[in-house]
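Participant: What follows is a structure written as structure tokens; I'll ask about it next.
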Amino acid sequence: MRNSIFKYCVILNAVKNLDNTKQMFSRSFAPLWMTMTLLFILSACTEQVKQAESINRLPHIYPDYIGVTIPAGIAPLNFQVLEPSIEKVDVHITGSQGGELHVQDQWANFDIKDWHELTEANRGGSLNIKVQAKGKEGKWQAYKDFKIYISPYPLDDFGLTYRRIQPGYEVGGNIGIYQRDIHTFEETALMQESAVPGRCFNCHTPNRTNPETFTLQVRGEGGGTLVQKDGVQTWYNTKTDQTKAAGSYASWHPDGRYCAYAANAVHQSFFVGKDRNIEVYHSFSNIVVLDTQTGELIVSPLLNTDALEIFPAFSADGKTLYFSTSENCNVPAEYEKVKCSLCAISFDATTGTFGHQVDTLLHGPATDKSYIQARPSYDGRWLMFCRAERSNFPVSQKESDLWLMDLQTGKFRCLDEVNSPQTESYPNWSSNSHWFVFSSKSEDGLHSRAYLASIDEEGKVTKPFLLPQENPLKYYRNMFDSFNCPDFTSSQVEFDIRTARENLFSNERVQVKIKE
């Protein structure tokens, strides 16, 4: 029901007196009477708003959901009114295609079922939001109405997966990989550092939102690369005598047989001062492809050079592998010289071989920029990527923004609709390619949060919205984790952490071999 302490106290007192009253009724009518009584008590707690002072501006709310576009059936967009000395808010929502919703509480706290029904009834329309707030002096204020738009494009994926990690730590703070039902507020852990102490692990990477196929990599001593297919876990040692490191930053081929990785070494350096916190860099990086059917690594000399090849991403049809590359600089001393180009190379899945030519799509040194973390949409239309002033690790770059390339025309543009003065990174697509999720540090410049936005056939992108929480102010202001690598999952991920722990600490690995 509602989260008002006053309401719960009233309900508790009423329930305590029900035993005497129930004796007046038969057992068959008691449950119905109790339900009606509780509903009456709740309705009686709602204060009638009278003589509210009209304020000729929009309310200050957190999160900023004013004018956002959302999918029908998303979790309720609960919000707090950030006005001085607010004790109670009254929110009335009217659908452009019918239906309404009214709440009065300490914050806008909507019932999930009611919210779902209202948004489904207004798919392709809008919701008009009227906000009134009561201060400690007992006076009500009414703010200008605002709208939330309901997209005609569905978002039927179950939810998101992401890694929660405190900024600036390789190990510590109980790093965890979580999944979140985006239609409710339920969040569950897939893997946490407390279950595998002292280990740092990369993010859960599914094959185009498919929870039946995914990979993750545990770094350091006793580490390994996990590939799970249809519930079966296989732990690989993807380091060989001919490769410099194990794999990370993965991308699946659409057929689920091949998975591309960057074999690299990641390091961190910390700035002294307040303008910048951390610089993340790689001392080396090459790209390999694991054949999960044969346990072989496919290596191309074009992807294993003295330069740093990083962030592989297979195209929608699997015939192209996108990646970024930069010259090998003397990092960290020459960290400002790292400029990544966005490149592509062909791949033949029938033979498991790469092409003989690398095409440069965007040249980093020529434009004095860095193009990284390319993510092709699953319908083959778009290529989203990050552009930063430098670096092959955009999440540590304040200037990192999201850009979009039309793969039909080759034209590209900055996504001003979603970018902020702070870092945007880690974009990923929904299964129908009409929604994308990304990490943004727009709130405080330090913590990455997960935002969602939609895109239509012409490439028009809507204002992004912060991942909803039941009590958003409490959740985000009391939780100091960053959300790294958010990605969609079409259904719930089934993962046996006990089996994973046993396999990880057994040190039994399938040793990969280089394909001849």
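Following my numbering, the numbering of the sequence shown begins with 7 at its first residue and continues without gaps.
Yeah, the Cβ is synthetic: ideal placement off N, Cα and C, and Gly gets one too.
#1: Closest by CA to Thr211, which one among Gln223, Asp354, Ala201?
#2: For the alpha helix (DSSP H) containing Trp121, list its first residue and its last residue.
#3: Smallest Cα separation from Phe329: which of Asn336, Cys335, Pro318?
#4: Does the stretch 251-265 come close enough to the stretch 278-286 that 3 or more CB-CB pairs lie under 8 Å?
#5: Helix, strand or coil for Phe511, going by three-state DSSP, please let me know.
#6: Between Gln103 and Asn128, is the Cβ-Cβ spacing less than 7 Å?
#7: I'd like the list of long-range same chain contacts for Lys521, defined as Cβ closer than 8 Å, with 5 residues on each side in sequence excluded.
#8: State buried or exposed for Gly101, treating a residue as buried only when at least 16 other CB atoms are found within 10 Å of its CB.
#9: How would you label Ser511, buried or exposed, when you count the other beta carbons within 10 angstroms and need 16 or more for buried?
#10: Looking at Ser402 and Ser376, is the spacing between their C-beta atoms short of 7 Å?
#11: Between Leu543 and Ile154, is the Cβ-Cβ spacing less than 7 Å?
#12: Ser352 and Gly361 - do their beta-carbons sit closer together than 7 Å?
#13: Residues in its own chain within less than 6 Å of Asn213 by CB, not counting five upstream and five downstream?
#14: Are the CB atoms of Pro433 and Phe418 nearer to each other than 7 Å?
#15: Are the beta-carbon atoms belonging to Leu88 and Phe152 less than 7 Å from one another?
#16: From the DSSP output, in three-state form, read off Arg169 for me.
#17: On the criterion of 16 or more Cβ atoms from any shown chain inside 10 Å, does Phe486 qualify as buried, or is it exposed?
#18: Where do the N-terminal and C-terminal ends of the beta strand (DSSP E) with Thr537 fall, by residue?
#19: Short check: CB of Asp163 to CB of Ser439, under 7 Å?
#20: What does a CB cutoff of less than 7 Å around Leu367 pick up in its chain, not counting 5 residues either side in sequence?
#21: Along the chain, where does the alpha helix (DSSP H) that runs through Arg483 open and close?
#22: Over the uninterrupted alpha helix (DSSP H) stretch that includes Pro371, give me the two end residues.
#23: For the beta strand (DSSP E) containing Cys209, name the first residue and the last one.
#24: Would you give the residue range spanned by the beta strand (DSSP E) that Val137 belongs to?
#25: Here's the rule: buried if 16 or more other CB atoms are within 10 angstroms of the residue's CB, otherwise exposed. What is Glu315?
#26: For the 8 Å Cβ check, are there 3 or more pairs between the stretch 467-475 and the stretch 377-386?
#27: With distances taken between CB atoms, is the gap from Phe499 to Tyr242 smaller than 7 Å?
#28: Identify which residue in Ala78, Val97, Asp96 has its Cα closest to the Cα of Leu124.
#29: Roughly how many angstroms separate the alpha carbons of Pro173 and Pro160, rounded to a whole number?
#30: Leaving aside the five residues before and after Trp435 along the sequence, list all residues of the same chain whose C-beta is less than 6 Å from its C-beta, in chain order.
#31: I need the boundaries of the beta strand (DSSP E) containing Glu342, first residue and last residue.
#32: Helix or strand or just coil, what does DSSP make of Thr231?
#33: Could you give the first and the last residue of the continuous beta strand (DSSP E) run that contains Glu108?
#34: Jot down the residue ranges of each uninterrupted beta strand (DSSP E) in the stretch 49-107, minimum 3 residues, whole runs only, in chain order.
#35: Give me the residue from Asp236, Tyr168, Asp462, Ser426 with the minimum Cα distance to Asp450.
Facilitator: Taking the geometry as given:
#1: Residue mapping note: residue 211 aligns to position 205 of the sequence shown, counting from 1. Checked all of Gln223, Asp354, Ala201; the closest Cα to Thr211 is Gln223.
#2: By one-based count along the sequence shown, residue 121 stands at place 115. First-last of the alpha helix (DSSP H) with Trp121: 118-127.
#3: By 1-based counting over the sequence shown, the position of residue 329 is 323. Of the candidates Asn336, Cys335, Pro318, the one whose C-alpha sits nearest the C-alpha of Phe329 is Pro318.
#4: no
#5: Working through the sequence shown from its first residue, we reach residue 511 at position 505. Phe511 falls in the helix class under three-state DSSP.
#6: On the sequence shown, position 97 is the one that residue 103 refers to. On the sequence shown, position 122 is the one that residue 128 refers to. Yes. Within cutoff.
#7: Within the sequence shown, the letter at position 515 stands for residue 521. If we look at Lys521 and ignore the five residues flanking it on each side, its Cβ neighbours are Asp297, Thr300, Glu302, Leu303, Ile304, Val305, Gly358.
#8: Taking the first residue of the sequence shown as position 1, residue 101 is located at position 95. Gly101 comes out buried.
#9: Locating residue 511 in the sequence shown gives position 505, where the first residue counts as 1. Looking at the sequence shown, residue 511 is not Ser but Phe. Exposed is the call here.
#10: Your numbering for residue 376 matches position 370 in the sequence shown. Your numbering for residue 402 matches position 396 in the sequence shown. Going by C-beta atoms, Ser376 is not nearer than 7 Å to Ser402.
#11: What is shown of the chain runs 7 to 522, which leaves residue 543 out entirely.
#12: As a working mapping, residue 361 is identified with position 355 in the sequence shown. As a working mapping, residue 352 is identified with position 346 in the sequence shown. Cβ atoms of Gly361 and Ser352: closer than 7 Å.
#13: Here the question's residue 213 lines up with position 207 in the sequence shown. Counting only Cβ-Cβ distances below 6 Å, and skipping sequence neighbours, we find Thr219, Trp258, Gly262.
#14: Sequence index remark: in the sequence shown, residue 433 carries index 427 (1-based). Sequence index remark: in the sequence shown, residue 418 carries index 412 (1-based). It is not a contact, given that the beta carbons lie outside the stated cut-off.
#15: Here residue 88 is taken as the residue at index 82 of the sequence shown, counted from 1. Here residue 152 is taken as the residue at index 146 of the sequence shown, counted from 1. No, the pair does not count as a contact, with Cβ atoms beyond the cut-off.
#16: Walking along the sequence shown from the start, residue 169 turns up at place 163. Three-state DSSP puts Arg169 in a strand.
#17: Residue numbering aside, residue 486 sits at position 480 when the sequence shown is read from its first letter. Looking at its Cβ environment, which holds fewer than 16 other Cβ atoms inside 10 Å, Phe486 is exposed.
#18: Residue 537 is absent from the structure shown; the chain starts at 7 and stops at 522.
#19: To locate residue 163, count along the sequence shown from 1; it is residue 157. To locate residue 439, count along the sequence shown from 1; it is residue 433. No, they are not a contact pair.
#20: To locate residue 367, count along the sequence shown from 1; it is residue 361. Counting only Cβ-Cβ distances below 7 Å, and skipping sequence neighbours, we find Leu348, Cys349, Ala350.
#21: Taking the first residue of the sequence shown as 1, we reach residue 483 at position 477. Here the alpha helix (DSSP H) through Arg483 covers 478-484.
#22: On the sequence shown, position 365 is the one that residue 371 refers to. Pro371 -> alpha helix (DSSP H) spans 370-373.
#23: As a position in the sequence shown, residue 209 is number 203, starting the count at 1. Counting along the chain, Cys209 falls outside any beta strand (DSSP E), and DSSP gives it neither H nor E.
#24: Taking the first residue of the sequence shown as 1, we reach residue 137 at position 131. Segment 132-141, the beta strand (DSSP E) holding Val137.
#25: By one-based count along the sequence shown, residue 315 stands at place 309. Glu315 is buried by the Cβ-count criterion.
#26: no
#27: As a position in the sequence shown, residue 499 is number 493, starting the count at 1. As a position in the sequence shown, residue 242 is number 236, starting the count at 1. Note on residue identity: the sequence assigns Val, not Phe, to residue 499. No, they are not a contact pair.
#28: Here residue 124 refers to the residue found at position 118 when the sequence shown is read from its first residue. Looking at the Cα atoms, Ala78 is the closest of the given residues.
#29: Here residue 173 corresponds to residue number 167 of the sequence shown, with the count starting at 1. Here residue 160 corresponds to residue number 154 of the sequence shown, with the count starting at 1. Pro173 and Pro160: Cα-Cα distance of roughly 33 Å.
#30: Translated into positions along the sequence shown, residue 435 becomes position 429. If we look at Trp435 and ignore the five residues flanking it on each side, its Cβ neighbours are Ser383, Tyr384, Phe442.
#31: Counting from 1 along the sequence shown, the entry for residue 342 is found at position 336. Here Glu342 belongs to no beta strand (DSSP E), and DSSP marks it neither H nor E.
#32: Residue numbering aside, residue 231 sits at position 225 when the sequence shown is read from its first letter. Looking at Thr231 - three-state DSSP - the assignment turns out to be strand.
#33: Here residue 108 refers to the residue found at position 102 when the sequence shown is read from its first residue. The amino acid occupying residue 108 in the given sequence is His; Glu does not appear at that position. That run of the beta strand (DSSP E) goes 106-111.
#34: 92-101
#35: For the purposes of this step, residue 450 is identified with residue 444 of the sequence shown, where counting begins at 1. Closest option to Asp450, Cα to Cα, is Ser426.
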